[in-house]
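Residue numbers (the working numbering), protein chains in the order written: chain F, 1 to 260; chain L, 261 to 515. Built from N, CA and C at the ideal position, the CB exists for glycine as well. What follows is a set of notes on a single structure, which appears directly below.
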Amino acid sequence: MSAIAASFTSLRFRRGLVVPLLVLVAWELITHYKLANVHLLASPTAVLKSFAVQAKEGELFSQLLASLRRDLSGFALGSLAGLLLGSAMGTSRVADRLFGPSFDAAKQVAVFAWIPLISVWFGNGEPAKVVFIGLAAFYPVVVNTYQGIRSVSREHVEVTRAFRFSRLQTFRKVALPAALPAIFSGLHLALIYAWLATLGAEYLLAPAPGIGNLMIDGRESMAMDKVLLGVILAGLIGFSLNAAAARVEAYFLRWRVRNA
Amino acid sequence: MSQSAVIDIRDVSKQYTVKNEVLPVLERLSLTINPGEFLSIVGASGCGKSTLLRLLVGLDREYQGEIQVGGQRVTGTNLDRGIVFQEHRLFPWLTIEQNVGLGLENSPWDAAKKKQAIKEHIELVGLTGFETAYPHQLSGGMAQRAAIARGLVNQPSILLLDEPFGALDALTRSRLQGELQTIWQREKITMILVTHDVDEAVYLGDRVVVMQPRPGRIRKVVEVDVPHPRDRSDPALKALTEEVRAEILHVSPEN
Numbered sequence: 001m002s003a004i005a006a007s008f009t010s011l012r013f014r015r016g017l018v019v020p021l022l023v024l025v026a027w028e029l030i031t032h033y034k035l036a037n038v039h040l041l042a043s044p045t046a047v048l049k050s051f052a053v054q055a056k057e058g059e060l061f062s063q064l065l066a067s068l069r070r071d072l073s074g075f076a077l078g079s080l081a082g083l084l085l086g087s088a089m090g091t092s093r094v095a096d097r098l099f100g101p102s103f104d105a106a107k108q109v110a111v112f113a114w115i116p117l118i119s120v121w122f123g124n125g126e127p128a129k130v131v132f133i134g135l136a137a138f139y140p141v142v143v144n145t146y147q148g149i150r151s152v153s154r155e156h157v158e159v160t161r162a163f164r165f166s167r168l169q170t171f172r173k174v175a176l177p178a179a180l181p182a183i184f185s186g187l188h189l190a191l192i193y194a195w196l197a198t199l200g201a202e203y204l205l206a207p208a209p210g211i212g213n214l215m216i217d218g219r220e221s222m223a224m225d226k227v228l229l230g231v232i233l234a235g236l237i238g239f240s241l242n243a244a245a246a247r248v249e250a251y252f253l254r255w256r257v258r259n260a
Numbered sequence: 261m262s263q264s265a266v267i268d269i270r271d272v273s274k275q276y277t278v279k280n281e282v283l284p285v286l287e288r289l290s291l292t293i294n295p296g297e298f299l300s301i302v303g304a305s306g307c308g309k310s311t312l313l314r315l316l317v318g319l320d321r322e323y324q325g326e327i328q329v330g331g332q333r334v335t336g337t338n339l340d341r342g343i344v345f346q347e348h349r350l351f352p353w354l355t356i357e358q359n360v361g362l363g364l365e366n367s368p369w370d371a372a373k374k375k376q377a378i379k380e381h382i383e384l385v386g387l388t389g390f391e392t393a394y395p396h397q398l399s400g401g402m403a404q405r406a407a408i409a410r411g412l413v414n415q416p417s418i419l420l421l422d423e424p425f426g427a428l429d430a431l432t433r434s435r436l437q438g439e440l441q442t443i444w445q446r447e448k449i450t451m452i453l454v455t456h457d458v459d460e461a462v463y464l465g466d467r468v469v470v471m472q473p474r475p476g477r478i479r480k481v482v483e484v485d486v487p488h489p490r491d492r493s494d495p496a497l498k499a500l501t502e503e504v505r506a507e508i509l510h511v512s513p514e515n
């Protein structure tokens with residue numbers, strides 16, 4: 001069963017590689033035959049060389065680490081706050097009435113619109129970036145946690161009443177596990193949004209080490225190899241974070257019925 | 261095997277209000293259920309039999325009249341009254357073992373005794389070997405067995421069953437009816453079974469309460485004076501089944 005699943009995934013995985021490989025070949029050909037301006041489009045080989053140089057100097061690694069640290073701090077901050085608010089609104093009618101409308105209104109404001117306020121309140125440095133990333137992660141976690149907890153079936157709650165569960169027991173034994181699939185969807189989205197927001201924060205707030213910085217540097221010195229390297233790295237990291245989240249999710253939700 | 265208590269239902273009425281219209285569900289129902297008895301409650305849908313059961317469990321507390329268990333008015337659920345619903349209502353994120361263990365969440369027993377009780381009850385319903393399976397891996401009949409184990413695990417003196425075999429296929433249903441009879445004889449507790457299956461009601465019950473709808477009330481109480489374990493082909497049992505069926509059909513000739 002799992003062997004079949006594994007070969008299916010690997011087949012799917014190999015098919016997924018077809019397009020990137022074709023793009024890579026086309027890209028190399030275009031630059032090799034100078035079909036485009038090489039100053040505007042560096043060749044894959046140049047990007048690879050740039051990667052080797054930066055990696056050797058150790059600079060790339062520290063930039064990557066800085067971005068990831070920022071990303072994960074914001075993600076942790078935002079999703080923790082989101083879990084708290086979402087659970088409160090999901091379990092308590094009072095909290096729902098109190099915070100629900102304000103949250104729904106705040107949700108309508110694009111996260112980037114908060115940047116001016118955030119920079120006034122938290123400055124231009126690291127705290128502001130983390131808060132901004134946290135905000136991006138916050139929304140999907142609140143929405144999904146809330147909906148997950150609200151979707152607990154009455155039938156299951158009756159079982160806990162028959163066994164005289166306390167409110168805490170009901171939350172721990174029923175509401176939380178029943179909401180877990182939705183919570184994971186929320187965290188998963190938050191992880192993606194946080195990574196997008198990380199690059200946004202690096203672009204829009206004060207320059208500091210990070211992948212965004214690498215790209216800004218590249219653009220300013222017309223080193224397109226650096227810019228493209230940044231784009232590729234951002235994509236790869238996003239892809240890896242996504243895959244890691246899917247793995248964790250599959251592990252915790254292994255009780256679910258597996259249907260296509 | 262805990263001390264069973266008498267269940268006393270006196271003049272119980274209940275109504276629902278739907279859009280300002282009062283809908284009587286139960287009307288002046290009186291009934292005494294003896295400790296260790298197997299009582300079947302049978303009737304067409306809408307006769308209030310499930311409502312009565314919910315009142316006995318304590319899941320529904322709004323009614324007129326008096327329901328007492330062992331001289332105490334029922335004011336809510338109690339660990340001494342277990343329940344098995346029509347749907348198994350197992351928690352999909354817990355294994356069978358953990359699901360059965362839910363019944364012991366608030367039990368004063370120590371961990372070893374709990375573990376032992378879970379093991380024994382899984383064995384009692386014939387699910388040994390499936391302790392670590394998840395509900396979605398079980399058939400409907402097996403899931404309902406697990407639900408019965410969960411209802412019995414903390415050794416209540418009363419087990420209430422709300423059409424527990426209603427959603428199962430005929431073959432599985434008769435097998436589980438037989439098993440329930442064995443369990444009842446072994447545990448010597450009071451069981452109250454709500455069903456619309458006349459054969460099931462008579463096969464299992466010491467007494468069969470026939471209810472009639474609109475508003476729900478007791479039409480007749482039929483004694484089933486046939487010793488357990490029973491044989492389905494017993495002529496006395498068959499005659500009583502026909503008697504009960506006639507009572508129900510008489511009530512609703514349109515069916």
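At the 8 Å Cβ level, is I408 of chain L part of the contact set with chain F, yes or no? no
Could you check what DSSP says for V63 of chain F in three-state terms: helix, strand or coil? In the sequence on display, residue 63 of chain F carries Gln and not Val. The answer is helix: DSSP assigns Q63 of chain F an H, G or I state.
Would you tell me roughly how many angstroms separate the C-alpha atoms of H396 of chain L and T388 of chain L, rounded to the nearest one? 17 Å
Would you list, in chain order, the members of the region 304-321 of chain L that have their beta-carbon closer than 7 Å to a beta-carbon of chain F? V317, L319
Chain-ordered neighbours of F138 of chain F on chain L, where CB pairs are closer than 7 Å: Going along chain L, no residue has its Cβ under 7 Å from F138 of chain F, so there is no contact; the nearest lies around 26 Å.
Go to R161 of chain F, then tell me how far its alpha helix (DSSP H) extends in each direction, as first and last residue. That run of the alpha helix (DSSP H) goes 154-162.
Where the beta strand (DSSP E) containing R288 of chain L begins and where it ends: 281-293
Just to check, is the beta-carbon of A179 of chain F closer than 7 Å to a non-hydrogen atom of the ligand MN? What this structure holds is no ligand at all, so the ligand MN is not there to describe.
Against chain F, with Cβ distances strictly below 8 Å, would L362 of chain L count as a contact? yes
Does L398 of chain L have its Cβ less than 8 Å from a Cβ in chain F? no
What does R349 of chain L touch in chain F if you count any residue whose Cβ is under 7 Å from its own? E155, H156, V159
May I ask which residues mark the beginning and end of the alpha helix (DSSP H) holding Y139 of chain F? 126-150
Check whether the Cβ atoms of S310 of chain L and D491 of chain L sit closer than 8 Å, and answer yes or no. The beta carbons of S310 of chain L and D491 of chain L sit no closer together than 8 Å.
Using three-state DSSP, classify V266 of chain L as helix, strand or coil. coil
Let me check understanding here. Comparing Cα to Cα, which of F:Y33, F:L48, F:V19, F:G74 lies closest to W195 of chain F? The option with the nearest alpha carbon to W195 of chain F is F:G74.
Run through the DSSP bridge pairs and tell me what Y276 of chain L is partnered with. L:L283
I'd like to know whether the C-beta atoms of E357 of chain L and I382 of chain L end up nearer to each other than 8 Å. yes
Taking a cut of 7 Å between CB atoms, which residues from the region 426-444 of chain L lie near chain F? none
By DSSP, does Q472 of chain L sit in helix, in strand, or in coil? strand
Return no unless some Cβ of chain L is closer than 8 Å to the Cβ of R164 of chain F. By this cut-off, R164 of chain F is an interface position.
Quick one: which chain L residues come within Cβ less than 7 Å of W255 of chain F? P352, W353, Y394
Name the residue from F:P177, F:A95, F:H188 whose alpha carbon lies nearest to the alpha carbon of V141 of chain F. If we check each option's Cα against that of V141 of chain F, F:H188 comes out closest.
Just mark T31 of chain F as buried or exposed, buried being the case when its beta carbon has 16 or more other beta carbons within 10 Å. buried
Once you ignore the five residues that flank F99 of chain F on each side, which residues in its own chain have a CB closer than 8 Å to its CB? L85, A88, M89
Counting C-beta neighbours from all protein chains within 10 Å, is the total for P20 of chain F 16 or more, i.e. buried, or is it exposed? exposed
Kindly indicate which three-state DSSP category G325 of chain L falls into: helix, strand or coil? Here DSSP, grouped into helix, strand and coil, assigns G325 of chain L to strand.
What residues in its chain sit with their C-beta under 7 Å from that of A260 of chain F, if we drop five residues either side in the sequence? Model confidence at A260 of chain F stands at a pLDDT of 34, short of 50, so the residue's coordinates are unreliable; what they give is reported in the following sentence. For A260 of chain F, where only same-chain residues beyond five positions count, there are no Cβ hits under 7 Å.
Same chain, Cβ closer than 8 Å to S399 of chain L, neighbours up to 5 away in sequence not counted: Cβ neighbours of S399 of chain L beyond the five flanking positions: T432.
Give, in chain order, every residue of the region 173-184 of chain F whose Cβ lies closer than 9 Å to some Cβ of chain L. K173, V174, P177, A178, L180
In angstroms with no decimal places, state the Cα-to-Cα distance between S40 of chain F and M224 of chain F. According to the sequence as given, residue 40 of chain F is Leu; it is not Ser. Each residue's CA atom was taken as its position, placing L40 of chain F and M224 of chain F some 6 Å apart.
Buried or exposed: where does G361 of chain L fall if 16 or more other Cβ atoms within 10 Å of its Cβ makes it buried? buried
Would you mind telling me which residues of chain F sit closer than 9 Å to E380 of chain L, beta carbon to beta carbon, in chain order? Contact note: E380 of chain L does not reach chain F at a C-beta cutoff of 9 Å; the least C-beta distance is about 18 Å.
Per the contact definition of three or more C-beta pairs closer than 8 Å, is the region 163-176 of chain F in contact with the region 104-114 of chain F? no
K375 of chain L bridges to which residues according to DSSP? According to DSSP, which records beta bridges pairwise, K375 of chain L is partnered with nothing at all.
Using a Cβ-Cβ distance under 8 Å, would Q169 of chain F count as near chain L? yes
With a threshold of 6 Å on Cβ separation, who are the neighbours of R288 of chain L within its own chain once the five nearest residues in sequence on each side are excluded? D271, S273
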